[in-house]
Amino acid sequence: MRLVQNMCTIAEYPVAGSAAADCCPGAAGRRLVKIAVLGASGVGKTALVVRFLTKRFIGDYERNAGNLYSRQVQVDGETLAIQVQDTPGVQVHEDSLSCSEQLNRCIRWADAVVIVFSITDHKSYELIGQLHQHVRQLHLGARLPMALVANKADLLHIKQVDPQLGLQLAGVLGCPFYEVSVSENYNDVYNAFHVLCKAVSPKQQPGSMPEKRRASLIPRPKSPNMQDLKRRFKQALSAKVRTVTSI
445 MRLVQNMCTI
455 AEYPVAGSAA
465 ADCCPGAAGR
475 RLVKIAVLGA
485 SGVGKTALVV
495 RFLTKRFIGD
505 YERNAGNLYS
515 RQVQVDGETL
525 AIQVQDTPGV
535 QVHEDSLSCS
545 EQLNRCIRWA
555 DAVVIVFSIT
565 DHKSYELIGQ
575 LHQHVRQLHL
585 GARLPMALVA
595 NKADLLHIKQ
605 VDPQLGLQLA
615 GVLGCPFYEV
625 SVSENYNDVY
635 NAFHVLCKAV
645 SPKQQPGSMP
655 EKRRASLIPR
665 PKSPNMQDLK
675 RRFKQALSAK
685 VRTVTSI
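Under this note's numbering, think of the first position of the sequence shown as 445, with each following residue one higher.
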């Protein structure tokens, strides 16, 4: 598999022809697939995103600032412009989810969602049902593709959740399930994103968002600049390298 992509942060929700869409060279005219990665704090969302984008694992991260990254991938012979939104951890307050408006906008923006829990954190598993329901409420009437990912499968000595429970829950929720070790295996991570890229309607085109929905989205604060991005991911890639991944 060839890895050559220009990974970049995007200042706001892009539409075709915008400066944000042009941030990733060659994205113009490509079908756009937007994926949000959700879950509790500490489950490995950022590591999962970086593993998918770069095939590398980095074990130490700064606090998640909610960055949005772009790349081009090939799915069944079609080149897609894919955007992956890494989100801050979801919290529970008085038995209900505490989701910021920024997080809700990210969920509404997405064409597909990855929900992550850690097998070493039972509370992160307990969030899944509520988080799944919350996503459905924000996409009322739409069958938004979702995948459930159980991370840290290599840490069996501190396991709190049997992965079989994740598989059973995924069956109840009606979404595919992947047990992964982001630190040890790229292929399982790849498969989780690949199935969502295939599930997003091929009729979707860049800039095809209905005007009513587009108007409801408020641009997010700008992501960290490229100098900060290069510093955080200097072990994974050079910001000057362009990449293309065959899925």
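Note that beta-carbon positions come from the ideal geometry of N, C-alpha and C, so glycine has one too. For clarity, every value in this text was computed on a predicted model and none was experimentally measured.
Which whole-angstrom value is the C-beta distance of residue i and residue j, which I expect to be below 8 Å?
| i | j | result |
| --- | --- | --- |
| isoleucine 551 | valine 517 | Actually they are not in contact, since the Cβ atoms of isoleucine 551 and valine 517 sit about 22 Å apart, beyond 8 Å. |
| glutamine 529 | alanine 480 | 4 Å |
| histidine 576 | leucine 617 | 5 Å |
| leucine 524 | arginine 474 | 6 Å |
| serine 564 | leucine 599 | It should be noted that the sequence gives threonine, not serine, for residue 564. That pair is a contact at about 5 Å. |
In the structure shown, what three-state DSSP assignment does residue i receive?
| i | result |
| --- | --- |
| isoleucine 437 | Residue 437 falls outside the range modelled here, since the chain spans only 445 to 691, and no answer is possible. |
| serine 562 | strand |
| phenylalanine 621 | strand |
| valine 487 | coil |
| arginine 658 | Because arginine 658 sits at a pLDDT of 41, beneath the cut-off of 50, its placement in the model cannot be relied upon, and the point is left open. |
| aspartate 632 | helix |
| valine 688 | Unreliable placement is indicated for valine 688, whose pLDDT of 41 sits below 50; the coordinate value is still reported in the next sentence. Coil. |
| arginine 549 | helix |
| valine 626 | coil |
| lysine 642 | helix |
| glycine 585 | coil |
| valine 493 | helix |
| lysine 567 | helix |
| alanine 614 | helix |
| alanine 597 | coil |
| phenylalanine 637 | helix |
So, using beta-carbon positions, are residue i and residue j closer together than 8 Å?
| i | j | result |
| --- | --- | --- |
| threonine 531 | leucine 482 | yes |
| valine 558 | alanine 591 | yes |
| leucine 571 | alanine 491 | no |
| serine 627 | phenylalanine 501 | yes |
| valine 605 | histidine 566 | yes |
| serine 514 | glutamine 527 | yes |
| lysine 478 | tryptophan 553 | yes |
| valine 593 | valine 560 | yes |
| serine 562 | glycine 488 | yes |
| leucine 609 | phenylalanine 621 | no |
| alanine 556 | valine 494 | no |
| glycine 533 | glycine 486 | yes |
Across which residues does DSSP place residue i in a beta bridge pair?
| i | result |
| --- | --- |
| methionine 591 | It is worth fixing the name first, because residue 591 is alanine in this sequence and not methionine. The partner list for alanine 591 (beta bridge, DSSP) reads Val558. |
| leucine 524 | Arg475, Val517 |
| glutamine 608 | None; glutamine 608 has no bridge partner. |
| aspartate 530 | Val481 |
Hey, quick one: how far does the beta strand (DSSP E) through residue i stretch, first residue to last?
| i | result |
| --- | --- |
| arginine 500 | Per DSSP, arginine 500 belongs to no beta strand (DSSP E) and is neither H nor E. |
| leucine 602 | Residue identity differs from the one stated: residue 602 is isoleucine in this sequence, not leucine. Premise fails: isoleucine 602 is in no beta strand (DSSP E) and is neither H nor E. |
For residue i, report the span of its alpha helix (DSSP H) as first-last.
| i | result |
| --- | --- |
| arginine 515 | Careful: arginine 515 lies outside any alpha helix (DSSP H), inside the beta strand (DSSP E) at 512-519. |
| isoleucine 572 | 572-582 |
Is residue i close to the ligand PLP? I mean its beta-carbon at under 7 Å from any heavy atom of the ligand.
| i | result |
| --- | --- |
| valine 560 | This structure does not include the ligand PLP; it has no bound ligands of any sort. |
Would you please verify whether the beta carbon of residue i is less than 8 Å from any beta carbon of chain C?
| i | result |
| --- | --- |
| aspartate 606 | Reference to chain C is not applicable here, since this structure consists of a single protein chain. |
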